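Numbering (the working numbering), first residue to last: 163 to 416.
Just so you know, even glycine gets a beta-carbon here, dropped at the ideal spot from N, CA and C.
As the structure is a computational prediction, the values presented were derived from the model and not from experiment.
One structure is given below, encoded as structure tokens.
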């Protein structure tokens, strides 16, 4: 298994970050699905797991950054992106440690940035039209469609799946984003796409299958409700900022 392949001279350097919490049981499977030569480096962000996630990652020959305290899904991403910037990488792909998104699609994400000049690449479970058939619960599907439509209208985008966790970014874009002001929770994924929209970043979507397996970590219904309310709150804050009623530094374009 050779994930790592040094970039040719002149190529943009690529790093894969894998944020995870208690993913020791599935991390090997996730890593094995990453096609050979996808990245120059792979970094696991262990969000204070209690199941030996860091040990498994080390045995796989991966670099590990471990949080001494749990910082949340968004917090783990922030650590990964800052590490990518610090180490001088130009493209960063975020692969879920729980294997919910198929890592074999990662090279397509890299190509959109390296070859086509996009700033942000987001996966989409909706383009293929198989989300419900492949196991996405109806209570997730309907809010996803409604929230995506709302966010497209407010932020003047044309995305099909705002709430997808399979992403890639140019580090040039990430340097322009106030990462520390974004959520440490699951709504980080929406927050950063909003940042891309208000900064007029070039965004692409890559269709990929929906995958809900028993071993995947799933967001409980109650947490899903909280997530949806957080998205609505962010949209409201933006509208207040945009109308000038209440300015918010989160949405400053510079």
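Residue i and residue j closer than 8 Å at C-beta
i: residue 226; j: residue 206; result: yes
i: residue 282; j: residue 331; result: yes
i: residue 201; j: residue 218; result: no
i: residue 390; j: residue 309; result: yes
i: residue 239; j: residue 373; result: no
i: residue 287; j: residue 370; result: yes
i: residue 186; j: residue 223; result: no
i: residue 233; j: residue 346; result: yes
i: residue 363; j: residue 335; result: yes
i: residue 229; j: residue 241; result: yes
i: residue 292; j: residue 325; result: no
i: residue 386; j: residue 302; result: yes
i: residue 344; j: residue 244; result: no
i: residue 285; j: residue 178; result: no
i: residue 256; j: residue 338; result: no
i: residue 252; j: residue 333; result: yes
i: residue 383; j: residue 235; result: no
i: residue 204; j: residue 260; result: no
i: residue 209; j: residue 216; result: no
For residue i, three-class secondary structure by DSSP
i: residue 403; result: helix
i: residue 186; result: coil
i: residue 279; result: coil
i: residue 218; result: helix
i: residue 369; result: strand
i: residue 291; result: coil
i: residue 223; result: coil
i: residue 234; result: helix
i: residue 164; result: At residue 164 the pLDDT is 49, less than 50, meaning the model places this residue with poor confidence; the figure from the coordinates comes in the next sentence. In the structure shown, residue 164 sits in coil (DSSP, three-state: anything other than H, G, I, E or B).
i: residue 250; result: coil
i: residue 360; result: helix
i: residue 393; result: helix
i: residue 377; result: Only weak support is given to the placement of residue 377: the predicted model assigns it a pLDDT of 47, under 50, and the value that follows is read from those uncertain coordinates. Residue 377: coil per DSSP, three-state reduction.
i: residue 263; result: coil
i: residue 408; result: coil
i: residue 198; result: coil
i: residue 415; result: coil
i: residue 382; result: coil
Beta bridge counterpart(s) of residue i as assigned by DSSP
i: residue 203; result: 177
i: residue 228; result: 208
i: residue 256; result: 179, 329
i: residue 417; result: With the chain running from 163 to 416 in the structure shown, residue 417 is simply not present.
Separation of residue j from residue i, as counted between CA atoms
i: residue 397; j: residue 357; result: 12 Å
i: residue 193; j: residue 269; result: 14 Å
i: residue 182; j: residue 327; result: 12 Å
i: residue 400; j: residue 314; result: 13 Å
i: residue 280; j: residue 365; result: 6 Å
i: residue 275; j: residue 360; result: 19 Å
i: residue 190; j: residue 247; result: 26 Å
i: residue 353; j: residue 404; result: 16 Å
i: residue 413; j: residue 220; result: 39 Å
i: residue 408; j: residue 402; result: 5 Å
i: residue 264; j: residue 290; result: 14 Å
i: residue 198; j: residue 278; result: 21 Å
i: residue 377; j: residue 297; result: For residue 377, the predicted model reports a pLDDT of 47, less than 50, meaning its position is unreliable; a value from the coordinates is still stated below. Whole-angstrom Cα-Cα distance: 13 Å.
i: residue 388; j: residue 305; result: 12 Å
i: residue 273; j: residue 395; result: 34 Å
i: residue 300; j: residue 173; result: 42 Å
i: residue 237; j: residue 231; result: 11 Å
i: residue 196; j: residue 271; result: 12 Å
i: residue 212; j: residue 321; result: 36 Å
Neighbour flag for residue i against chain C, beta carbons, 8 Å
i: residue 197; result: No chain C appears in this structure, which consists of one protein chain only.
The ligand HEM heavy atom lying under 7 Å from the CB of residue i
i: residue 297; result: The ligand content of the structure shown is nil, which means the ligand HEM is not present either.
Discussion item. Ignoring anything shorter than 3 residues, give me the beta strand (DSSP E) runs that lie fully in the stretch 296-354, in order along the chain.
Written reply: 329-332
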